[in-house]
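K.L.:
For reference, the structure I am asking about is given below.
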Amino acid sequence: MTDPSTGAAEDPAVTLERLTGRFDDCLARLADTPAFAKHTAKGGVIDYGRRIMGLPGGPAVLYDRVATMEEAGIFAGTDWDHPEILQAPLAPNTLRTADQSTATLECLSELRLLAVGQGDYFHPAISSEQARHFVSQVLALNLTFLFSAPSEADRVALGRLAKPVRNLYAFIAERTGYDNIIGSLIAEIERILAQRPIMVDDVKAMVTQIAICMADASIDTAAAGRGADRLVSALFGPTAGCREDPGIQVYAERLETMDVHMLTQEANGFARAMHDTGLVSPYHPVFLRYVAYQRPDLVSAALGLSSTGRDGFLCYQQLILRLIEDAVHVETAQSVYGLALMLERGILYVPAIGPALWRQIFLPLHPAVEQSIAATFGAARPARVFLLAGVLTVLGQPMGVGQGNNPTCQSARAISMWAYTDPDYLLQLIAWAARDNTLTMHFEGQPITSSELQQGLMAGPLLDVDAVSIALVPHLDRVYIEMGRHTAGRPGDPHRWINAEFHGWWVGRGCRLAIDVPTGMLEDFDGFVRQFYATYHPYHNGNQPVIHPQPAGIAVTDSAARFIGWHAIAIYRVGLDPSGGMRVYFYNPNNDGGQDWGDGVVVSTDGNGERFGESSLPIAQFASRLYLFHFDERERGWPETVTAEEVQTVEDFARRSWAAAR
Amino acid sequence: MADTDPNKSYVALFGWSLRAIAGVAKFNRKYVVVAPSWAEQYAKENDIPFIAWDFERLNERSWEIAKILQDEGVEVAVPLYEETVEWAGAVNAVLQNKPRLLSQAMLFRDKALMKRRAQLAGIRVGIFEEAHDRVDVVRFLKRVNQTLLKLDGDPNDPIHFKAFDKAGCLGHRVIRTVDDVENISDDEFPALLESHLDGWEFACEVFIHNRKIRFLNISEYVHLGYSVFIPASPKLEAYREQITREIEKLIEAFDIDYGLIHPEYFIANDGVMYFGEVAYRVPGGNAFELMERAYGFNAYQGQVLVMDPKATDEEIEAFFPKEVVDAKGHAGCFLVYPRRRVVSEMQIPEETENDPYFEYHDLAPPLEQKVSKRAAFGNHWGTCYFFGPDADRMKEVLLEQEERDFYT
Numbered sequence: 333m334t335d336p337s338t339g340a341a342e343d344p345a346v347t348l349e350r351l352t353g354r355f356d357d358c359l360a361r362l363a364d365t366p367a368f369a370k371h372t373a374k375g376g377v378i379d380y381g382r383r384i385m386g387l388p389g390g391p392a393v394l395y396d397r398v399a400t401m402e403e404a405g406i407f408a409g410t411d412w413d414h415p416e417i418l419q420a421p422l423a424p425n426t427l428r429t430a431d432q433s434t435a436t437l438e439c440l441s442e443l444r445l446l447a448v449g450q451g452d453y454f455h456p457a458i459s460s461e462q463a464r465h466f467v468s469q470v471l472a473l474n475l476t477f478l479f480s481a482p483s484e485a486d487r488v489a490l491g492r493l494a495k496p497v498r499n500l501y502a503f504i505a506e507r508t509g510y511d512n513i514i515g516s517l518i519a520e521i522e523r524i525l526a527q528r529p530i531m532v533d534d535v536k537a538m539v540t541q542i543a544i545c546m547a548d549a550s551i552d553t554a555a556a557g558r559g560a561d562r563l564v565s566a567l568f569g570p571t572a573g574c575r576e577d578p579g580i581q582v583y584a585e586r587l588e589t590m591d592v593h594m595l596t597q598e599a600n601g602f603a604r605a606m607h608d609t610g611l612v613s614p615y616h617p618v619f620l621r622y623v624a625y626q627r628p629d630l631v632s633a634a635l636g637l638s639s640t641g642r643d644g645f646l647c648y649q650q651l652i653l654r655l656i657e658d659a660v661h662v663e664t665a666q667s668v669y670g671l672a673l674m675l676e677r678g679i680l681y682v683p684a685i686g687p688a689l690w691r692q693i694f695l696p697l698h699p700a701v702e703q704s705i706a707a708t709f710g711a712a713r714p715a716r717v718f719l720l721a722g723v724l725t726v727l728g729q730p731m732g733v734g735q736g737n738n739p740t741c742q743s744a745r746a747i748s749m750w751a752y753t754d755p756d757y758l759l760q761l762i763a764w765a766a767r768d769n770t771l772t773m774h775f776e777g778q779p780i781t782s783s784e785l786q787q788g789l790m791a792g793p794l795l796d797v798d799a800v801s802i803a804l805v806p807h808l809d810r811v812y813i814e815m816g817r818h819t820a821g822r823p824g825d826p827h828r829w830i831n832a833e834f835h836g837w838w839v840g841r842g843c844r845l846a847i848d849v850p851t852g853m854l855e856d857f858d859g860f861v862r863q864f865y866a867t868y869h870p871y872h873n874g875n876q877p878v879i880h881p882q883p884a885g886i887a888v889t890d891s892a893a894r895f896i897g898w899h900a901i902a903i904y905r906v907g908l909d910p911s912g913g914m915r916v917y918f919y920n921p922n923n924d925g926g927q928d929w930g931d932g933v934v935v936s937t938d939g940n941g942e943r944f945g946e947s948s949l950p951i952a953q954f955a956s957r958l959y960l961f962h963f964d965e966r967e968r969g970w971p972e973t974v975t976a977e978e979v980q981t982v983e984d985f986a987r988r989s990w991a992a993a994r
Numbered sequence: 031m032a033d034t035d036p037n038k039s040y041v042a043l044f045g046w047s048l049r050a051i052a053g054v055a056k057f058n059r060k061y062v063v064v065a066p067s068w069a070e071q072y073a074k075e076n077d078i079p080f081i082a083w084d085f086e087r088l089n090e091r092s093w094e095i096a097k098i099l100q101d102e103g104v105e106v107a108v109p110l111y112e113e114t115v116e117w118a119g120a121v122n123a124v125l126q127n128k129p130r131l132l133s134q135a136m137l138f139r140d141k142a143l144m145k146r147r148a149q150l151a152g153i154r155v156g157i158f159e160e161a162h163d164r165v166d167v168v169r170f171l172k173r174v175n176q177t178l179l180k181l182d183g184d185p186n187d188p189i190h191f192k193a194f195d196k197a198g199c200l201g202h203r204v205i206r207t208v209d210d211v212e213n214i215s216d217d218e219f220p221a222l223l224e225s226h227l228d229g230w231e232f233a234c235e236v237f238i239h240n241r242k243i244r245f246l247n248i249s250e251y252v253h254l255g256y257s258v259f260i261p262a263s264p265k266l267e268a269y270r271e272q273i274t275r276e277i278e279k280l281i282e283a284f285d286i287d288y289g290l291i292h293p294e295y296f297i298a299n300d301g302v303m304y305f306g307e308v309a310y311r312v313p314g315g316n317a318f319e320l321m322e323r324a325y326g327f328n329a330y331q332g333q334v335l336v337m338d339p340k341a342t343d344e345e346i347e348a349f350f351p352k353e354v355v356d357a358k359g360h361a362g363c364f365l366v367y368p369r370r371r372v373v374s375e376m377q378i379p380e381e382t383e384n385d386p387y388f389e390y391h392d393l394a395p396p397l398e399q400k401v402s403k404r405a406a407f408g409n410h411w412g413t414c415y416f417f418g419p420d421a422d423r424m425k426e427v428l429l430e431q432e433e434r435d436f437y438t
């Protein structure tokens, strides 16, 4: 620990005690500083914090002080003051590229979230479960710090933080249990993958970390077992031809020498791994491009198509081969999965889709759109390639669309619903937005043109979203807000009018609200619940499944069942789950649908009959968080058949959470 | 805001300093911040009592702000920055009905007037002259060196150049050659020229209430413009009696009833003390922070306290610790300037970080790679703080830092 050049060799324990004393002094001074001047008093706390973290036993000293630190205001005025918005995937970058004090704050915040996850510290803004997810993900993304010797790159990037950061992760691993680390990381990855998000860059980064550990003989990864193997091989070696991860170039040369039997095996291997995990190996596009030129008969095997998909491919072979040629590259590997699922959906049989995709292939992009796409995806391929690949994934995985790190849940929901139920309209919107950098929608007959409007909810560039969202969301966001302005002065909730005008004719014009808007108090909750059941519950609506997805509004609550805010979702299905209970299957534009809304209301994303990307809840629990839904005025159902007990159950759930004071 | 005492004065802080506001907000006096309008938003968002005012050159509007504050009930104006000293003087002249406070403030703002006033009162000062252009500077440089019997070609003894109305190290240049004179920009005139005194330079922070010294801190400069620590070493503290007498002369010469002054002195090799200059405001160079570290009292509160005529002797005695003996140790700081011309990152040298005297720093990573040439004293990039029990070791530690690269 000591630097021989100073000659002053201090026992680390003495150093720790000395620094801890001063850290506590600084912390007390920070606590005593008025809120408006906190930033003038943080320097000492942060700098001592970093040095303490670098000493043996240091992280434990800081761990014991997380509550004091937070109360003193160490995170005040920064993003870390809102742990609920923190994104684990950003953490590795913060540590490597931010300045030292920012990176130190990140470390202190991770210690805090560890304490929340361990139940040693209660934080009002984040549940212990969310905190555990966060810490697992951060660990997964930073496994190298834990297991391998510091790389030169990290040494340079981290500088004086290298030791504190390694100490920190060793401490976190110790607290969460070393044995099970990789196991729980894999569980975390599988939980995310079960929702089949479109954006899997973070997942790929985590799997890469696991792969690095598995390749290192000095690390015992036996406990990781088959789960790790499955993920790593899906990404780096799904077939016999690339099992040892030979590199793209070598693999491309190998293909030339393979006979049809080997090629068929390769095709099946790729398809199996892709459908099993939702991850597409970079070797897969290489293979697909090769067979598209040389052996088109192997394309459907390489995509893992069923008879439906194969039929679609055969009917539209020229289009599909062209899409592969233009959109499928190593950089856009996930588009293979999108293409396969799009074929499986059979939407090519909708007459407008084929021609609309041909338009997309030849679509010239507006320079501004090209620029935004290149800013996110880089310049390895032209922007139109990324957009075309994005179109395939969105059409293939309508429920994989996420809002990223942006306040644009309405726009993400709209893209998802259009991709699902109105794909040719979506393609039209993309064409307008991408080619003209503007689009026009109508509100009660009045045209609204996005390029003539001020910005909407999003203030800066979009973060962590797919190429379609990059092209569309800036416009949708503005139009949506403008529609809100058109309803100014009308009584009630503006979504009553906006939702149908914004999304399409298939949104019910009837609209029911649980609350009285001016007062925010519950209003005729009994009638609200009955009408919801009579519209959506098959036992009360004449056994009618949901035809088109319907936008709905929920009152989001945290794991302690406290009200957090209003949120846009869409109801896709209502039906019996495998255990015979009635469930609502819905789409949540939040990137991670698995959420704990408190009071036992835990949103499920897997294992209760969900299709990929769906969230679900038993219908009574769902209704208890609902505050706005649409229905058809002419299809009233049978509200009187809903039992009083059922209504009471819903109301109890609501009153124990967001409606407690309403 | 802390509970305020209605029997104490309502104070107005002149200038925007978060550290000062943070200190005063926790103090027992009602306060309002008078600062430029760019701070208004921040003040409003944080419930800081605020009156917007632009402190340009003192002008006829000083009466206007004095009236505003009078109507508001303010009784004392406390200047935080050099630029606000004359405003505070003008306003206090009205609020406290003491017209001489305005002319007193003007003395503090003009280094040549200040020096003459001291000289008239029998305080020893070095050779000085006013300069209105570069020709004056060259003449002074030559005359001083002629006096020293230097021949053409001998290296000159340096002279000091201080812009009249700039605070502390800003606008302070050391002139050795005629070339140095060329580097002075027009806006630094008029200025005060002083001969260089080889000796021991130090500064004091003096809290004066009712013409009595209530707390006298001596800040020892290890290297002017780089490093300072308090309390001073025993060797310099040995002069405390003599220093106290000099400061009492200063109080008489400048007719100071209340407030904080920040004079600078030299002790020449023969043990004679020379007066350098004096400021009537918060000192630069982090002296307040060092006092808080060493003694544990908030010097901003101390300044407000001694500026308040309503403060009682008991209150003042309870507030200030006993000089030197009550200090928990020596607190020092080192102002960091990049030593290289091109820098890309900030890194505390390992030897510094591992030194038990090192506390923490507020250095920011470099925003631009090219280091602009240091024009005068000032423009440091950040501060490193040190603390320890031994003055000699502190001096060593601070000197060691000058050999180290904080920016590479």
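One line per chain: the protein sequences are A and B, in this order.
If you read the first sequence in our numbering, its first letter stands for residue 333, the second for the next number, and so on.
If you read the second sequence in our numbering, its first letter stands for residue 31, the second for the next number, and so on.
Where is the CB? At the ideal position from N, CA and C, for every residue including glycine.
These numbers were taken from a predicted model, which means no experiment stands behind them.
Please report the residue range of the alpha helix (DSSP H) in which B:T446 lies.
P.N.:
Not covered by the structure: residue 446 of chain B. The range shown for chain B is 31 to 438.
K.L.:
Beta carbons nearer than 9 Å to chain A: which residues of the segment 346 to 377 of chain B have them?
P.N.:
Flagged, chain order: E375, M376 and Q377.
K.L.:
For the segment 56 to 84 of chain B, enumerate the residues whose C-beta is nearer than 9 Å to any C-beta of chain A, in chain order.
P.N.:
Per Cβ criterion, the list reads K56, Y72, A73, E75, N76, D77 and I78.
K.L.:
Tell me whether B:V373 sits in a helix, a strand or coil according to DSSP, three-state version.
P.N.:
Coil at B:V373, not helix or strand.
K.L.:
Kindly provide the ranges of any alpha helix (DSSP H) runs that are 4 or more residues long and lie completely inside the segment 605 to 680 of chain A, ordered along the chain.
P.N.:
Runs of the alpha helix (DSSP H) inside the segment 605 to 680 of chain A: 615 to 626, 631 to 635, 639 to 647, 649 to 659 and 667 to 677.
K.L.:
Is it right to say A:G859 is buried, meaning 16 or more other beta carbons lie within 10 angstroms of its own, or is it exposed?
P.N.:
Counting Cβ neighbours within 10 Å, A:G859 comes out exposed, since fewer than 16 surround it.
K.L.:
What residues in its chain sit with their C-beta under 8 Å from that of B:R404, if we drop five residues either side in the sequence?
P.N.:
Here the model assigns B:R404 a pLDDT of 49, short of 50, so the residue's position is not dependable, and the following value carries that caveat. Contacts found: Y367.
K.L.:
Any beta carbon from chain A within less than 8 Å of B:P386's own beta carbon?
P.N.:
Yes, B:P386 lies at the interface with chain A (some Cβ there is under 8 Å from its Cβ).
K.L.:
Could you confirm whether any beta carbon from chain A is found closer than 8 Å to the beta carbon of B:I243?
P.N.:
Taking Cβ atoms only, chain A never reaches closer than 8 Å to B:I243, which makes this a no.
K.L.:
Mind checking which residues open and close the beta strand (DSSP E) that includes A:H827?
P.N.:
Premise fails: A:H827 lies in the alpha helix (DSSP H), H827 to H835, not in any beta strand (DSSP E).
K.L.:
Report yes if the CB atom of B:T413 is closer than 8 Å to the CB atom of B:L365, and no otherwise.
P.N.:
A contact, by the Cβ cut-off of 8 Å.
K.L.:
Give the DSSP-derived three-state secondary structure of B:R404 in the structure shown.
P.N.:
Residue placement at B:R404 cannot be trusted, given a pLDDT of 49 that sits under 50; the coordinates are not used to answer.
K.L.:
Tell me which residue opens and which closes the alpha helix (DSSP H) that A:W750 is part of.
P.N.:
C741 to T753 is the span of the alpha helix (DSSP H), which, as asked, contains A:W750.
K.L.:
Closer than 7 Å between beta carbons: that is the criterion. Which residues of the segment 366 to 377 of chain A meet it against chain B?
P.N.:
Within the segment 366 to 377 of chain A, the residues whose Cβ lies closer than 7 Å to some Cβ of chain B are P366, A367, F368, A369, T372, G375 and G376, listed in chain order.
K.L.:
DSSP has B:A65 in a bridge; who is on the other side?
P.N.:
Paired residue(s): B:A82.
K.L.:
Does the beta-carbon of A:F368 have 16 or more other beta-carbons within 10 angstroms, so that it is buried, or is it exposed?
P.N.:
Buried, by the Cβ-count rule.
K.L.:
So, at 8 Å on beta carbons, what are the nonlocal neighbours of A:E576 in its own chain, with the 5 sequence-adjacent residues on each side left out?
P.N.:
For A:E576, where only same-chain residues beyond five positions count, the Cβ hits under 8 Å are G569.
K.L.:
Taking B:N247 as part of the beta strand (DSSP E), name the residues at either end of that continuous run.
P.N.:
K242 to H253 is the span of the beta strand (DSSP E), which, as asked, contains B:N247.
K.L.:
Identify the continuous beta strand (DSSP E) that holds B:I260 and give its terminal residues.
P.N.:
That run of the beta strand (DSSP E) goes S257 to I260.
K.L.:
At which residues does the alpha helix (DSSP H) containing A:V398 begin and terminate?
P.N.:
Where A:V398 is concerned, the enclosing alpha helix (DSSP H) stretches over V398 to A404.
K.L.:
Does the Cβ-Cβ distance between A:Y919 and A:E942 come in under 8 Å?
P.N.:
Cβ atoms of A:Y919 and A:E942: not closer than 8 Å.
K.L.:
A:H827: buried (16+ other C-beta within 10 angstroms of its C-beta) or exposed?
P.N.:
So A:H827 counts as buried.
K.L.:
So for A:P910, helix, strand or coil by DSSP?
P.N.:
Note: A:P910 maps to coil in three-state DSSP.
K.L.:
Note down, in chain order, every chain B residue with its Cβ under 8 Å from the Cβ of A:Y625.
P.N.:
Residues of chain B passing the Cβ test: none, with the nearest at roughly 48 Å.
K.L.:
According to the neighbour-count rule (16 or more other Cβ atoms, all chains shown, within 10 Å of its Cβ), is A:I417 buried or exposed?
P.N.:
Looking at its Cβ environment, which holds fewer than 16 other Cβ atoms inside 10 Å, A:I417 is exposed.
K.L.:
So what does DSSP say about A:T889, is it helix, strand or coil?
P.N.:
A:T889 falls in the strand class under three-state DSSP.
K.L.:
In chain B, what lies closer than 8 Å to A:D364 by C-beta?
P.N.:
Within chain B, the residues near A:D364 are K56.
K.L.:
Assuming A:L804 and A:I847 form a contact by the criterion Cβ under 8 Å, report the distance between their Cβ atoms to the nearest whole angstrom.
P.N.:
Not really, about 31 Å apart at Cβ, beyond 8 Å.
K.L.:
Going by the CB atoms, is the gap between B:I214 and B:R147 shorter than 8 Å?
P.N.:
Contact flag unset, no.
K.L.:
Can you list the residues of chain A that B:P395 reaches, using a CB-CB cut of under 8 Å?
P.N.:
Chain A residues near B:P395: D431 and Q432.
K.L.:
Keeping to the same chain, check which residues put their C-beta closer than 6 Å to that of B:E159; ignore five residues upstream and five downstream.
P.N.:
Here the set comprises F170 and L223.
K.L.:
To which residues of the same chain is B:V208 closer than 8 Å at the C-beta, ignoring the five residues directly before and after it?
P.N.:
If we look at B:V208 and ignore the five residues flanking it on each side, its Cβ neighbours are V168 and L171.
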